[in-house]
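Everything below concerns the one structure shown next.
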Ligand code: CAA
Ligand code: NAD
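See below:
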């Protein structure tokens, strides 16, 4: 079976990007969220991205319109009843994700692949919420999805080879590079990236330097495109904290303890760019 129709669950910064790249590759997309405002914001972001591509002469106005027409929206999970693939991109919380997967298990046909864009959570545990763990897989896109080439593909303990091959082929069709990784907390990407970001936050906490100075050191000294604190604001400080907690709980090692300043910012609602304030302020 070819993957032709995909439901993306969660229309936030990741879900909207995931919907965009699938529609641009010619797939039919159902963009689902529990909040209508999130869907509207997600669609507005996709439209803005496509308009920029038209202005740059990379996409014609007709192509832009047909990409947009391939995306329909939904606030009912039942709309997943006939899709070939679901990609879940809601909040980084294993209970929330497992509940969605258990519900999907009752809705979608037996052949449907259930993928999660989780940044760090166990694929095997999310798969265990369904009666088809062989059809569950991690498909971890990077932010911003339309730009970043990597898809980390994570097999759970029971993921079927055929499911892995289909997700690998789909990632290539999207113009991405899939990299296979095993199911451990944070996989490869966030096991390495997030402790660096957490350490940068400790450096602010301990007064080693101002956020802008820390970012400048990493940009100019290590050629990173964004400093770690700008990147943390871009990812979302709530997501960064969830990932650090998953690493800390999953490995039981204090080297992964989340910085108290990160916890404080999240408690204050300073979640970074998406709320207008994090280590920096945004208009
Ligand atoms: N959405 C869509 N397109 C975007 C975008 C966005 N949010 N931000 C930038 N772009 C596009 C721009 O339109 C531009 O496109 P063209 O080349 O077609 O003109 C291109 O990206 C470059 O943008 P800019 O020139 O404005 O800025 P830049 O050169 O600084 O690049 C960036 C922006 C690509 C985001 C770059 O700063 C970068 O690579 N940053 C690091 C991103 C990163 O590390 N991502 C991984 C985060 S971790 C993760 O995702 C995993 C997790 O689980 C947390
Ligand atoms: P976000 O906060 O921008 O969006 C999450 C969306 O999920 C919101 O629109 C919310 O309304 C919706 N949602 C919440 N509960 C829902 C439910 N039960 N059903 C349907 N929709 C629901 O978050 P994000 O940054 O897009 O992250 C989403 C997922 O992607 C997380 O698992 C995160 O770890 C992962 N991820 C994030 C990044 C990043 O840089 N932000 C990168 C890779 C992966």
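Residue numbers (my numbering): 1 to 283. Ideal Cβ placement from N, Cα and C applies to all residues, glycine included.
Legend entry - Beta-carbon spacing of residue 31, residue 8 below 7 Å: Numbered from 1 along the chain shown, position 31 holds the residue referred to as residue 31. Numbered from 1 along the chain shown, position 8 holds the residue referred to as residue 8. For residue 31 and residue 8, yes; Cβs fall inside 7 Å.
Inset, instruction - Check whether the Cβ atoms of residue 163 and residue 137 sit closer than 7 Å, and answer yes or no. - result: As a first step, residue 163 must be located in the chain shown, where it is residue number 163. As a first step, residue 137 must be located in the chain shown, where it is residue number 137. Between residue 163 and residue 137, the gap from beta carbon to beta carbon is short of 7 Å.
Legend entry - According to DSSP, residues forming a beta bridge with residue 268: Along the chain shown, one-based indexing puts residue 268 at 268. Bridge pairing for residue 268: absent [DSSP].
Inset, instruction - Go through the region 33-103 residue by residue and report every complete run of the beta strand (DSSP E) that reaches 3 residues or more, in order. - result: For secondary structure counted as the beta strand (DSSP E) over 3 or more consecutive residues, the region 33-103 holds these complete runs in sequence order: 71-74 and 85-88.
Inset, instruction - Drop a sphere of 10 angstroms on the beta-carbon of residue 171, count the other beta-carbons inside from all chains shown, and report buried for 16 or more, exposed for fewer. - result: By one-based count along the chain shown, residue 171 stands at place 171. Counting of Cβ neighbours within 10 angstroms places residue 171 among the buried residues, the total reaching 16 or more.
Legend entry - Under 7 Å between C-beta atoms of residue 266 and residue 229: Here residue 266 refers to the residue found at position 266 of the chain shown. Here residue 229 refers to the residue found at position 229 of the chain shown. Against a cut-off of 7 Å, the Cβ pair of residue 229 and residue 266 comes out as no contact.
Legend entry - Residues bridged to residue 140 [DSSP beta-bridge criterion]: What you label residue 140 is simply residue 140 of the chain shown in a count that begins at 1. Checking the DSSP bridge columns, you'll see residue 140 partnered with 152.
Inset, instruction - Measure from the alpha carbon of residue 124 to the alpha carbon of each residue in 90, 157, 168 and 259, then state which is nearest. - result: Mapped onto the chain shown, residue 124 falls at position 124. Residue nearest to residue 124 within the set 90, 157, 168 and 259 is 157 (criterion: CA-CA distance).
Inset, instruction - For residue 36, verify whether its CB is less than 6 Å away from any heavy atom of the ligand NAD. - result: Numbered from 1 along the chain shown, position 36 holds the residue referred to as residue 36. False, no ligand heavy atom lies under 6 Å from that Cβ.
Legend entry - Outcome for residue 247 when other beta-carbon atoms lying within 10 angstroms are tallied against a minimum of 16: Counted from its first residue, the chain shown places residue 247 at position 247. By the Cβ neighbour-count rule, residue 247 is buried, with 16 or more other Cβ atoms within 10 Å of its own.
Inset, instruction - For residue 144, verify whether its CB is less than 6 Å away from any heavy atom of the ligand HEM. - result: You won't find the ligand HEM in this model; what it holds is the ligand CAA and the ligand NAD.
Legend entry - Rounded distance between the beta-carbons of residue 146 and residue 28, thought under 8 Å: On the chain shown, position 28 is the one that residue 28 refers to. On the chain shown, position 146 is the one that residue 146 refers to. Residue 146 and residue 28 do not touch by the CB rule: their CB atoms are close to 18 Å apart, not below 8 Å.
Inset, instruction - Flag residue 106 as yes when its Cβ comes closer than 6 Å to any non-hydrogen atom of the ligand NAD, and as no otherwise. - result: As a working note, residue 106 is residue 106 in the chain shown. Every heavy atom of the ligand NAD is 6 Å or more from the Cβ of residue 106, so no.
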